[in-house]
Amino acid sequence: MENVKALIFDCYGTLIDWEQGSYDALQSLFNQKTCPSPEKVFKSLGKIKSNLQAGDKTMLYPIVLKEAYKLLCAELRLYYDEESAEEFALSVGFWPAFSDSIEALTILKSLNSKLIIHSNVDNQSFEKTRKKLEGDWGIFDNVFTAEDIGSYKPDYRNFHYVLESLEEEYEINSNEVLIVANSKRADIAPAKRLGLKSVWINRPEAILGVKGFEDIKADFEFSSMKHFAISLKDIMENDD
């Protein structure tokens with residue numbers, strides 16, 4: 001990890017607790033007596049979202065969420081109302097950061113590597129999230145969203161787009177980047193196939209993008225962003 005010049009972060013699931021945020025935003029479903037367990041709901045929601053994103057790569061993320069809500073209600077035979085679907089679609093900016101995210105990003109910012117966001121959301125949603133992570137001072141050197149790229153991870157196009165941009169803007173090549181993510185499906189698996197070094201943030205409470213991908217191994221694994229940041233700091237300082 002000592003030669004890393006850019007850290008490319010997935011945001012939701014890695015820095016932002018999207019499952020807790022979604023759980024809070026889906027209370028109108030969870031309060032229904034016939035609603036199944038959160039794990040089943042999230043698994044169904046994840047599959048529906050993935051299918052929507054693959055079917056229309058340019059569909060903006062709030063629309064993906066709204067359509068997914070409608071299809072989820074139909075699949076699980078739950079009561080659907082338009083207002084709740086709209087609230088869920090606009091909930092991204094309210095999803096909380098993991099407790100260690102800001103401290104970890106502050107540590108990593110001190111290492112002089114470029115901090116890059118590569119996320120499957122739209123620009124407007126991310127700007128709301130950005131304030132939670134950055135506060136009053138900038139942390140991220142660049143942000144790439146599905147809206148910018150015109151497709152969703154795990155599409156290789158997304159990774160090529162980010163890598164080409166980093167090489168053009170910062171003269172950083174693919175051997176000098178590190179993919180940092182919780183989702184094996186959207187990030188670790190495609191990174192591995194593309195020959196990119198990766199770090200799996202193995203948050204034990206995560207449901208989506210992890211189960212069913214046990215055979216996919218990242219180059220490095222940490223139980224939290226904080227542990228990763230401290231370890232990378234130690235490695236880079238000792239290397240100096």
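Using the numbering used here, you'd call the opening residue of the sequence shown number 1 and step up by one each time.
Virtual Cβ for every residue (Gly too), placed ideally from N, Cα, C.
These numbers were taken from a predicted model, which means no experiment stands behind them.
Thinking just about the alpha-carbon of each residue, which of G93, A104, L166, N120 is nearest to the one in K131?
G93
Touching by the beta-carbon criterion (3+ pairs, under 8 Å), the stretch 17-35 and the stretch 70-85:
yes
Please tell me whether I149 and I188 are closer than 7 Å, where the distance is taken between their beta carbons.
Contact flag unset, no.
Where K49 and H160 are concerned, what is the direct C-alpha to C-alpha distance, given to the nearest angstrom?
22 Å
Start and end residues, beta strand (DSSP E) containing I179
177-181
Chain-order list of residues whose beta-carbon lies under 6 Å from that of N123 (same chain, five-residue window excluded)
T145, E147
In chain order, what residues of the same chain lie with their CB nearer than 8 Å to the CB of L72, ignoring the 5 residues before and after it?
L29, V41, S44, L45, I48, L78
Would you kindly check if the distance between the Cβ of W18 and the Cβ of W95 is under 7 Å?
yes
By Cβ distance, which residues of its chain are closer than 6 Å to S22, with the 5 residues on each side in sequence left out?
none
Under three-state DSSP, which class holds I139?
coil
Suppose contacts are defined by Cβ-Cβ distances below 7 Å. Is F213 in contact with K184 by that definition?
yes
Within the stretch 45-119, note down every full alpha helix (DSSP H) run reaching 4 residues or more, in order along the chain.
61-76, 82-89, 101-109
Report back the beta-carbon spacing between Y170 and K226 to the nearest angstrom; my notes put them in contact at under 8 Å.
So it is not a contact: roughly 26 Å between Cβ atoms.
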